[in-house]
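My numbering puts the sequence shown at residues 26 to 181.
C-beta: ideal position from N, C-alpha, C; glycine also.
Written out below as structure tokens is the structure these notes cover.
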Amino acid sequence: MTEYQLTTLWRIKAPLPTVWEVLYHPDIWPSWWKNLLQVVEIGKGDALGIGALHRYTWQGVLPYRITFDMHIVNIVPLQLLEGQASGEVEGVGQWLLSSDGVYTLARYTWHVRTTTLWMNCLAPLAAPLFRWNHDAVMRAGAKGLAQRLGTSVEMS
């Protein structure tokens, strides 16, 4: 299995509670994030959402789809969303949010291993393309979030 440690920072000109409300509800992500083809709730979590299980199907610029389940393991309202992925990728995804008063900073860390044979076989040559594809998905997410909130989102 090939490991990837990918980090994206979105600088969003919107109040933190507004950004949190959108990121906290993955069921609405496909309405603004064009690369997310489907989110299916498999299991509900507790009152906060810890323990929830969703199945995500993504397609980036490259001609393949990735499907995985995300089990929510930690939530700190207005600060942290963390899940454990299993399926075609395995690992941890984490949103960390903070605010400077005008901008909300949303840092997404995706530390995963690919489990599909074809991705692992191609990884020695294609890993840079897979990283580029991930970045393209995150750029599209930033653009979609900006449109959803009617504001600007810078990505680094």
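DSSP-derived helix/strand/coil call for residue i
| i | result |
| --- | --- |
| T43 | helix |
| A77 | coil |
| H50 | coil |
| S181 | coil |
| G126 | coil |
| G166 | helix |
Rounded separation between residue i and residue j - CA only
| i | j | result |
| --- | --- | --- |
| S177 | W58 | 15 angstroms |
| P153 | C146 | 14 angstroms |
| A131 | I37 | 8 angstroms |
| A148 | T27 | 7 angstroms |
| E115 | I53 | 23 angstroms |
| M144 | L78 | 25 angstroms |
Residues sharing a beta bridge with residue i, DSSP
| i | result |
| --- | --- |
| Q22 | Missing from the structure shown is residue 22; the chain here goes from 26 to 181 and no further. |
| R29 | It should be noted that the sequence gives Tyr, not Arg, for residue 29. DSSP lists V137 as partners of Y29. |
| W83 | L61 and I91 |
| I97 | G108 |
| L34 | R132 |
| E66 | H79 |
Cβ-Cβ distance between residue i and residue j below 8 angstroms
| i | j | result |
| --- | --- | --- |
| L61 | W83 | yes |
| F93 | G112 | yes |
| L103 | L41 | yes |
| W85 | V162 | One point to set straight first is that residue 85 is Gly, not Trp, in the sequence displayed. Yes. Within cutoff. |
| L20 | L48 | Any answer about residue 20 is impossible in this case: the structure gives the chain only from 26 up to 181. |
With 16 other Cβ atoms within 10 Å as the buried cut-off, status of residue i
| i | result |
| --- | --- |
| Y81 | buried |
| W45 | buried |
| Y128 | buried |
| T33 | buried |
| N99 | exposed |
| P51 | buried |
| A72 | exposed |
| I67 | exposed |
| T139 | buried |
| G108 | buried |
| G166 | buried |
| G118 | buried |
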